[in-house]
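Notes for the one structure printed next.
Residue numbers (the working numbering): 41 to 179.
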């Protein structure tokens, strides 16, 4: 067993969207890649996401949003992370995100936006390359 902790990823479905198949597929792929994954389930508020992230001491937050509410939910999550001094957490957004919204999300602090069709390996590689170093490993 490695003495280095694994990358800890919280996968959340914020908002009223009730479709979580994609989030579950991502969670399984990350787990299979050697990461610890916490899946919070459906209909999470930004406050619930950040509280769980703080309690679980995660390295990465993955927000899966299909409802179109990303321009309201993501800025609130980023604000709460800042208030809780969690600036070192890598925030990723996946789901139905229009191309014209991607740049604003990134300017707001999101590290990457993964739209439908993104290969799982690309997401895994991005996390491994960009997670803030705390001595974590992905395997």
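For glycine and all other residues, C-beta sits at the position ideal for the given N, C-alpha and C.
Could you tell me whether the Cβ atoms of residue 136 and residue 108 are closer together than 9 Å? yes
Alpha helix (DSSP H) runs wholly inside the segment 73-101, at least 4 long, in chain order: 86-96
Need the endpoints of the alpha helix (DSSP H) that residue 145 sits in, please. 139-147
When the Cα of residue 72 is compared with those of 150, 163, 172 and 141, which residue comes out closest? 163
For the beta strand (DSSP E) containing residue 152, list its first residue and its last residue. 152-154
Does the beta-carbon distance from residue 132 to residue 112 come in below 9 Å? no
DSSP state of residue 129 mapped onto helix, strand, coil: coil
In the structure shown, what three-state DSSP assignment does residue 56 receive? coil
Per DSSP, what kind of secondary structure is residue 105 in: helix, strand or coil? strand
Buried or exposed: which applies to residue 161, given that a residue is buried once 16 or more other Cβ atoms fall within 10 Å of its Cβ? exposed
Going by beta-carbon coordinates alone, are residue 101 and residue 53 separated by less than 9 Å? no
In whole angstroms, what is the alpha-carbon distance linking residue 86 and residue 118? 9 Å
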